[in-house]
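**Q** In the numbering used here, the protein residues as written are 7 to 434. Glycine included, C-beta positions come from ideal geometry on N, C-alpha and C. Okay, here's the structure, questions in a sec.
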Amino acid sequence: MAGKFDPVPGTGDIWEPEASEWVFLENAARDVFQTYSYAELRTPVMERTELFVRGIGEDTDVVQKEMYSFEDRGGRSLTLRPEGTAGVIRAIANAGLNPGEEKRIFYNGPMFRGEKPASGRRRQFHQVGVEAVGSANPFVDAESILMLLHYLDRVGVTNRRLLLNTRGLPEERKSVEDVLSGYFSPYTDQLCADCQRRLQTNVWRILDCKNEGCQPIIKQAPVISDYLSQESRQFFSDVCDALSRVGVEYEIAPRLVRGLDYYQHTVFEVIHDGLGAQDAIAGGGRYRLNVPGLKKPLEGVGFAAGTERLIMARQHEGQYQPARMGPDVYLANLMEGAIPEGLALAEKLRNAGWRVYAETENKSLKAQMRKADKLGAMVAVIRGEEEVNRGVVTCRDLTSSEQTECTEATLHQWLEQHVAGAVGTAAC
RNA sequence: GUGGUUGUAGCUCAGCCGGUGAGAGCGCCUGGUUGUGGCCCAGGAGGGCGGGGGUUCGAAUCCCCUCAACCACCCCA
Numbered sequence: 007m008a009g010k011f012d013p014v015p016g017t018g019d020i021w022e023p024e025a026s027e028w029v030f031l032e033n034a035a036r037d038v039f040q041t042y043s044y045a046e047l048r049t050p051v052m053e054r055t056e057l058f059v060r061g062i063g064e065d066t067d068v069v070q071k072e073m074y075s076f077e078d079r080g081g082r083s084l085t086l087r088p089e090g091t092a093g094v095i096r097a098i099a100n101a102g103l104n105p106g107e108e109k110r111i112f113y114n115g116p117m118f119r120g121e122k123p124a125s126g127r128r129r130q131f132h133q134v135g136v137e138a139v140g141s142a143n144p145f146v147d148a149e150s151i152l153m154l155l156h157y158l159d160r161v162g163v164t165n166r167r168l169l170l171n172t173r174g175l176p177e178e179r180k181s182v183e184d185v186l187s188g189y190f191s192p193y194t195d196q197l198c199a200d201c202q203r204r205l206q207t208n209v210w211r212i213l214d215c216k217n218e219g220c221q222p223i224i225k226q227a228p229v230i231s232d233y234l235s236q237e238s239r240q241f242f243s244d245v246c247d248a249l250s251r252v253g254v255e256y257e258i259a260p261r262l263v264r265g266l267d268y269y270q271h272t273v274f275e276v277i278h279d280g281l282g283a284q285d286a287i288a289g290g291g292r293y294r295l296n297v298p299g300l301k302k303p304l305e306g307v308g309f310a311a312g313t314e315r316l317i318m319a320r321q322h323e324g325q326y327q328p329a330r331m332g333p334d335v336y337l338a339n340l341m342e343g344a345i346p347e348g349l350a351l352a353e354k355l356r357n358a359g360w361r362v363y364a365e366t367e368n369k370s371l372k373a374q375m376r377k378a379d380k381l382g383a384m385v386a387v388i389r390g391e392e393e394v395n396r397g398v399v400t401c402r403d404l405t406s407s408e409q410t411e412c413t414e415a416t417l418h419q420w421l422e423q424h425v426a427g428a429v430g431t432a433a434c
């Protein structure tokens, strides 16, 4: 298409009415998270590259091949944040956290990952997320999950599954990997090509393989929890018990390990059927994260939910109901010299709370009425020579086609009768 | 990064075994007598077929390259 200048791959423009969806989701997140005593934090969209390398882990996919990194004019390597946690931890460390002090934070904004775009996957995507930092208590994990579910309820995403797992501590995790590798290695020839690769890159994923040939082998695989310490098992069961006691349904997913190195103990994901291959709408877990300049890593638990995917889920569940965008009042003008006065009237109406589109072009009434209709206006207020000379205005209800004359004094009352519902909606 | 599918008016798409002039629906603009929308009718604007190269007397239609989109693998939001 000649003359078109496409946005960068994996990014895009969000127009109304979809933009209203975004506002809805962001506001709902703020409302819900604040009821859990979390406070908003806005961190920069770019950080020093080292923050992510150290924080997320050198060997992760994210760091190795997905970061948007560049050198700034001072020769520093900066990176567009691929996730929110590292920046939050950096901010908290920067502000100072006393021993024993807790901070509960939520954030919202764009993240960047240089992956191949697909359904539900963009290079610039958006997350609302939370972090509870400074506590090593399993019930904080449980509450964090409750908060996520609360949020999903609030935005109408009810058709979902909560997957839960524990990674134990880093040392334990290593030994579990060794156990798994040791178990699968002898069967290498019998595993599918994907699993043969996974044996080298990510043993855990073999547990998730759908290939029939691999199933018999997987079924006999060692049970992960058997190789965790008593403490880790206790931690996880505390989380699970707390959730059960609140009546939360979850599935234990042994192969759920997540891609970032900083996680330990609890990890979880919420998935939604019908979103295609990218079915996770939210995910998170407990972590221990070190950032440059910190002597000791900070421990916390948090999650992030993908706004794009929440919108997809809402669409899937018939929750997607974009708000009416049109103005309440279309102010038509039929007199060449009267446009400035029309603008003045429009200002008065706006001050009273009405949404007003004031016509500034001179065109036929027919054209103006068409435009009023096209804009989705509730009423048209017409000012022509006849009206101006007599100090009135013609009011037409575009739904009922009822039409009368009003003075400026009676106009407000007429508007309330004819667009009251719309104003009520707008005020919410 | 790999693979599959796709790329024609603002949008959805037809045309594509090469051969007069590039189409439809929707949308948009104007008009259907003098100041009135949504329905209907009539006109009109708007693309040269993602881009580049090649084959051919001749290509939107064939070949190559490239870009982009979508979907999938991988991973995850």
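Buried or exposed: where does alanine 124 fall if 16 or more other Cβ atoms within 10 Å of its Cβ makes it buried?
**A** Exposed is the call here.
**Q** How many angstroms separate the CA atom of glutamine 325 from the CA atom of leucine 158?
**A** About 12 Å.
**Q** Whole-angstrom Cβ separation of glutamate 391 and methionine 341, contact assumed at under 8 Å?
**A** Contact holds; Cβ gap of about 5 Å.
**Q** Is the beta carbon of phenylalanine 131 closer than 8 Å to that of glutamate 314?
**A** In this structure, phenylalanine 131 lies closer than 8 Å to glutamate 314 by Cβ.
**Q** For a test of the three-state rule: what should DSSP assign to alanine 433, helix, strand or coil?
**A** Residue confidence for alanine 433 is low, a pLDDT of 36 falling below 50, so the modelled location carries little weight; the figure read from the coordinates is stated next. Reduced to three states, the DSSP call for alanine 433 is helix.
**Q** How is the beta strand (DSSP E) around asparagine 217 delimited, first residue to last?
**A** Neither: asparagine 217 is in no beta strand (DSSP E) and is coded neither H nor E.
**Q** Secondary structure at isoleucine 98, three-state DSSP: helix, strand or coil?
**A** In the structure shown, isoleucine 98 sits in a helix (DSSP, three-state: H, G or I).
**Q** Got a sec? Which residues, its chain only, sit under 7 Å from arginine 239 by beta carbon, not counting five neighbours each side?
**A** For arginine 239, where only same-chain residues beyond five positions count, the Cβ hits under 7 Å are Ser231.
**Q** Do glutamate 257 and leucine 169 have their C-beta atoms within less than 8 Å of each other?
**A** Taking 8 Å as the Cβ cut-off, glutamate 257 and leucine 169 qualify as a contacting pair.
**Q** So, valine 398 versus glutamate 411, is the Cβ gap smaller than 8 Å?
**A** Contact flag set, yes.
**Q** Taking the continuous alpha helix (DSSP H) assigned at methionine 318, which residues delimit it?
**A** Methionine 318 -> alpha helix (DSSP H) spans 313–322.
**Q** Between valine 14 and the rest of its own chain, which residues show a CB-CB distance below 6 Å, the 5 nearest in sequence each way excluded?
**A** Cβ neighbours of valine 14 beyond the five flanking positions: none.
**Q** Can you find the residues in the same chain that come closer than 6 Å, C-beta to C-beta, to alanine 148, ignoring five residues on each side of it along the sequence?
**A** The answer, listed in chain order, is Val245, Ala248, Leu249.
**Q** Once DSSP output is grouped into helix, strand and coil, what is the label at arginine 54?
**A** Arginine 54: strand per DSSP, three-state reduction.
**Q** Does DSSP put alanine 199 in a helix, a strand or coil?
**A** Of the three classes helix, strand and coil, the one that applies to alanine 199 here is helix, per DSSP.
**Q** Measure the C-alpha to C-alpha separation of arginine 361 and proline 23 and round it to an integer number of angstroms.
**A** Between arginine 361 and proline 23, the C-alpha separation is close to 16 Å.
**Q** In the structure shown, what three-state DSSP assignment does glutamate 255 receive?
**A** Three-state result, glutamate 255: coil.
**Q** Grab me the residues of glutamate 107's own chain with a C-beta within less than 6 Å of its C-beta, minus the 5 sequence neighbours each way, in chain order.
**A** Taken in chain order, the residues that qualify are Gly140.
**Q** Return the CA-CA distance between threonine 164 and phenylalanine 241, expressed in angstroms with no decimal places.
**A** Distance between the alpha carbons of threonine 164 and phenylalanine 241: 28 Å.
**Q** For arginine 82, which three-state DSSP category applies?
**A** If DSSP states are grouped into helix, strand and coil, arginine 82 belongs with coil.
**Q** Identify whether proline 192 lies in helix, strand or coil by the three-state DSSP scheme.
**A** Three-state DSSP puts proline 192 in a helix.
**Q** Along the chain, which unbroken stretches of the beta strand (DSSP E) at least 3 residues long are found entirely within the region 270–343?
**A** Here the runs fully enclosed are 286–295, 304–312, 335–339.
**Q** Note down, in chain order, each residue of its chain lying with its Cβ closer than 6 Å to the Cβ of leucine 186, except the 5 sequence neighbours on either side.
**A** Excluding residues within five positions, the ones whose Cβ falls inside 6 Å are Val209.
**Q** Less than 8 Å between the beta carbons of threonine 142 and glutamate 305, yes or no?
**A** Correcting the residue type first, residue 142 is alanine in the shown sequence and not threonine. For alanine 142 and glutamate 305, yes; Cβs fall inside 8 Å.
**Q** When we look at the beta-carbon of asparagine 100 and count the other beta-carbons within 10 Å, is it buried (16 or more) or exposed?
**A** Classification of asparagine 100: exposed, given that the 10 Å Cβ count is below 16.
**Q** Report the residue ranges of all beta strand (DSSP E) runs contained in full by the region 117–166; include only those spanning at least 3 residues, in chain order.
**A** Within the region 117–166, the complete beta strand (DSSP E) runs of at least 3 residues are 130–139.
**Q** On the DSSP bridge list, what partners appear for isoleucine 111?
**A** Per DSSP, Ala45, Glu137.
**Q** Is there contact between the region 53–73 and the region 191–198, where contact requires at least three CB pairs shorter than 8 Å?
**A** Contact fails: fewer than three Cβ-Cβ distances are below 8 Å.
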